[in-house]
Amino acid sequence: MSLVEQIKGGISQRIIEALEKAKGEGKISFANLPNFIIEVPREKIHGDFATNVAMLMTKEAKMNPRQIAQLIADNFSFKDSWVEKIEIAGPGFINFYLDHKWLYQVLPLVQKEGEVYGASNAGQGLKVQVEFVSANPTGLLHMGNARGAALGDSLANLLDRAGYQVTKEFYINDTGNQIENFGKSLEARYLQGLGQNVPFPEEGYHGEDIIDTVQRIIDNVGDAYLALDSEARKEKLVEIALNEKINAIKETLSSFGVEYDVWFSEKSLHESGKIDDVIKLLKEKDLIYEQEGALWFRSSKFGSEDKDEVVVRANGVPTYFAADIAYHKDKFDRGFDWVINIWGADHHGHVARMKGSMEALGNDPDNLTVILMQLVRLFRGGEIVRMSKRTGKYITLSELIEEVGKDAARYFFVMRNPDSHLDFDLDLAKQESANNPVYYVQYAHARICSILKATGVATPDADKIDLTLLNEPEELELIRKIADLPDEIAQAAKALEPHRMARYAHDLASLFHTFYNSCRVLTDEEELKNARLILVQATGIALKNVLNLLGVNAPERM
RNA sequence: GCGCCCGUAGCUCAGUGGAUAGAGCACUGGCCUCCGGAGCCAGGAGCGUAGGUUCGAUUCCUAUCGGGCGUACCA
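Basically my numbering = 1-based index in the first sequence + 769.
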């Protein structure tokens, strides 16, 4: 349990005791305690912590909130609580002012824990799976995939740190219509590459990368596939090209700092019979019916979905939805307590029926969470960078990494709430200046390393230093922010909101710069210098740990 | 038509039902004989609109306007 949690828990406990005591003395009556919170007030003058308990009890106790607050204050036990003073304010808030010495405990802790500082057991080992990107392996990764990659990977890191047992997974759509189409496109390029004048399929993949892929195949095997019939030829081409594409995707993601635990093949679901099995299972539950030659799932019976969906087409081929049902069933069969998918907003129509299908199979649909992310727009020179699906021309993830660097790209993608459209300013991301938030944070870290190095010796052991010399408001605020890290991580993980950590990193860097400008670290006063060095070191550790969560480097110099 | 997401400062965005709604950019003026000036300090303006629930609403509900997306035997 983190220090902040301990403090909050202690205050909470004492509030309940105070209320029980007052009740015993007949000064207040209530049957149930409200679900109150202990929060950090926005304004510093409102204390270190505050609670709304009195305002929530007015009905139950039939008293006005300030009277209730007064009772709590009168009966509050200060002993061993760090609480120094209690004030009642506004409509009935109870503000707690702490002896700031409680903060000093955090510094030795940070020094001792090092790179694991910030971790907690909030998730209690719950098994959670995060599936993200899962891009079509027929092309290169685009900005939507990039956002999903940054988001998913940071989220997985967060969950891991917060005490969940995390598996990162990529679902490979290696079968179905788009693979058919891929085959046709490859075949056309192959024949064209060998000098034949064949038309390119209208709905084919126009990207240049496919031409390159086919050229490599021609370099290897020449016209050997001309002799095959079209089906066998496409099969061969698809096999080779798919392999190449998937490897390229792996490499690009790897250079983006993203490594998966599992690469799951859609095709394997067809081959293992898991799709047939799940359809059979639904049939047994009378949730499948036949109409116009196709098999329909009664999705309208579940959740908010208002119509039924086809799972097997009239031509006997299962739909993507059928495969996805089997896939998600498989996820739960593998024992995940919590399954998280990150999808583009254009897939939102798929969410309700997906949850419905899980419910139909007896899984709690609430254990499936789908994070929808809005689109990404690229800007260069103040102009929107147009993407063209028809010509297959778009900026790829590897080009983006090439242009702005991994750190800026990851920071920019994860800095926003997935719900909002992301305007990605390429010029800003490239700037090595204060305008660029990622540099601002990294600069703080480099500065910290520089100070620590300037002493020429190792930073002293925090237990042997008088930390109570750290009394300046800038010092105390900085320590306070560091103390918050474990809770910040736990909360961001639970809410599935990694963008909070980008904000935290920025706030922490900002507090450090403020401290740096008002407190000289390398001073002649040996005792004070040592205490400040401990603080600087702890800040560096916290900053680095957060940047690592976001997949951004914490440079020692820049 | 119906469904989902978003409307907060000039721009890009934060804000678990709480107290005086916050950052960055842009604009203006200050700050190094001193640890990294890629830094610090100071300055203005805003919750799309109208109702409702509540002690209290940017947050929840309803309606409405504006933008995006979806509404396939595509994925």
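Just so you know, even glycine gets a beta-carbon here, dropped at the ideal spot from N, CA and C.
Limits of the unbroken alpha helix (DSSP H) element including residue i
i, result
"ILE814", "Segment: none, ILE814 is in no alpha helix (DSSP H) and carries neither H nor E."
"GLU853", "Segment 852-858 is the beta strand (DSSP E) holding GLU853; no alpha helix (DSSP H) there."
"ASN989", "977-990"
"PHE1281", "1268-1287"
"GLN1260", "1242-1263"
"THR1021", "999-1024"
"GLY913", "912-930"
"LEU1316", "1295-1319"
"LYS881", "875-882"
"MET1048", "Sequence inspection shows Ile at residue 1048; the Met mentioned does not correspond to that position. Looking at the DSSP string, the run of the alpha helix (DSSP H) that includes ILE1048 is 1043-1053."
Distance, residue j Cα to residue i Cα
i, j, result
"GLY1309", "ILE1251", "10 Å"
"ALA1114", "LEU1144", "7 Å"
"TYR886", "HIS815", "29 Å"
"HIS1116", "ASN942", "15 Å"
"ALA1010", "ARG985", "10 Å"
"PHE799", "ALA1274", "43 Å"
"GLU786", "ARG1249", "27 Å"
"ASP1075", "TRP871", "56 Å"
"THR1138", "ALA838", "40 Å"
"ALA1323", "ALA1177", "12 Å"
"PRO1206", "VAL1154", "22 Å"
"ASP817", "VAL809", "6 Å"
"GLN782", "PRO803", "13 Å"
"VAL1183", "GLU949", "35 Å"
Same chain, Cβ closer than 8 Å to residue i, five either side skipped, listed in chain order
i, result
"ASN1186", "GLU1266 and HIS1268"
"VAL1081", "ILE1048, ALA1063, LEU1064, PRO1087, THR1088 and ALA1091"
"SER1024", "SER1167, ILE1170 and LYS1175"
"CYS1288", "GLU1241, GLU1243, GLU1244 and ARG1301"
"GLY962", "ILE980, VAL983, GLN984 and ILE987"
"HIS755", "For the chain, the structure presents residues 770 to 1327; residue 755 sits outside this window and is missing."
"GLU1013", "THR982 and ARG985"
"PHE969", "SER954, ALA957, ARG958, GLN961 and HIS975"
"ILE1217", "PHE1281, VAL1305, GLN1306, THR1308, GLY1309 and LEU1312"
"GLU1035", "TYR940, ILE941, ASN942, ASP943, THR944, GLY945, ALA1092 and TYR1096"
"ILE780", "ILE807, PHE818, THR820, SER850, VAL852 and PHE865"
Pick from the options that is closest to residue i, judged by C-alpha positions
i, options, result
"ILE1258", "ALA931, LEU909 and GLU1000", "ALA931"
"ASP1235", "LYS1070, LEU1141, GLU1243 and GLU1295", "GLU1295"
"GLY793", "LEU840, LYS831 and MET826", "LEU840"
"MET1123", "ILE863, PHE1066 and PHE865", "PHE1066"
"ALA1278", "ASN1299, ARG1301 and VAL1315", "VAL1315"
"LYS848", "PRO906, ILE784, ILE806 and GLN898", "ILE784"
"LYS790", "ILE776, PHE818, SER846 and ARG811", "SER846"
"GLU1004", "LEU1038, LYS953 and ILE1018", "LYS953"
"GLU938", "GLU1074, ARG1103, LEU876 and VAL1007", "ARG1103"
"THR1224", "VAL1290, PRO968, MET1127 and SER1041", "VAL1290"
"ASN801", "VAL990, ILE780 and LYS828", "LYS828"
"GLN874", "ILE1303, PRO1324 and MET1327", "ILE1303"
"VAL1007", "LYS1019, LYS1054, ALA957 and PHE1033", "ALA957"
"GLN965", "PHE1281, ASP992, PHE799 and ASN1286", "ASP992"
"ILE1329", "TYR866, VAL967 and SER798", "Since the first residue shown for the chain is 770 and the last is 1327, residue 1329 is missing from the structure and cannot be characterised."
"GLU1000", "MET832, GLN836, LYS831 and PHE951", "PHE951"
"PRO834", "GLY976, LEU1130 and PRO860", "PRO860"
"GLN1060", "LYS1070, VAL1079 and LEU1051", "VAL1079"
"ASP1045", "ASP929, LYS1098 and ALA1227", "LYS1098"
Limits of the unbroken beta strand (DSSP E) element including residue i
i, result
"LEU1144", "Segment: none, LEU1144 is in no beta strand (DSSP E) and carries neither H nor E."
"SER1034", "1031-1034"
"ILE772", "According to the sequence as given, residue 772 is Leu; it is not Ile. Note, LEU772: premise wrong, no beta strand (DSSP E); alpha helix (DSSP H) at 772-793."
"GLU900", "896-900"
"GLU938", "934-941"
"PHE1333", "Because the chain spans 770 through 1327 in this model, residue 1333 falls outside it and cannot be assessed."
Chain-order list of residues whose beta-carbon lies under 6 Å from that of residue i (same chain, five-residue window excluded)
i, result
"ASP868", "TRP851 and GLU853"
"LYS1263", "none"
"ILE1015", "PRO906"
"TYR1163", "HIS911 and MET1156"
"GLY892", "ALA931, GLY932 and TYR933"
Own chain, CB closer than 7 Å to residue i, minus 5 neighbours either side, in chain order
i, result
"VAL1027", "ALA918 and ASP922"
"PHE1284", "GLU1243, GLU1244 and LEU1247"
"PHE805", "THR820, ASN821, VAL822 and LEU825"
"SER889", "SER771, ALA931, GLY932, PRO1255, ILE1258 and ALA1259"
"ASN1204", "LEU1197"
"ILE857", "ARG835, ALA838, GLN839, ALA842 and ILE863"
"ARG1149", "LEU1195 and ASP1196"
If you scan the region 1055-1124 from start to end, which runs of the alpha helix (DSSP H) of 4 or more residues do you find wholly inside it?
-> 1089-1102
Hey, which unbroken runs of the alpha helix (DSSP H) at 4 residues or more fall wholly within the region 1154-1238?
-> 1166-1173, 1175-1183, 1195-1199 and 1206-1223
Going along the chain, which unbroken runs of the beta strand (DSSP E) with 3 or more residues stay wholly within the region 822-852?
-> none
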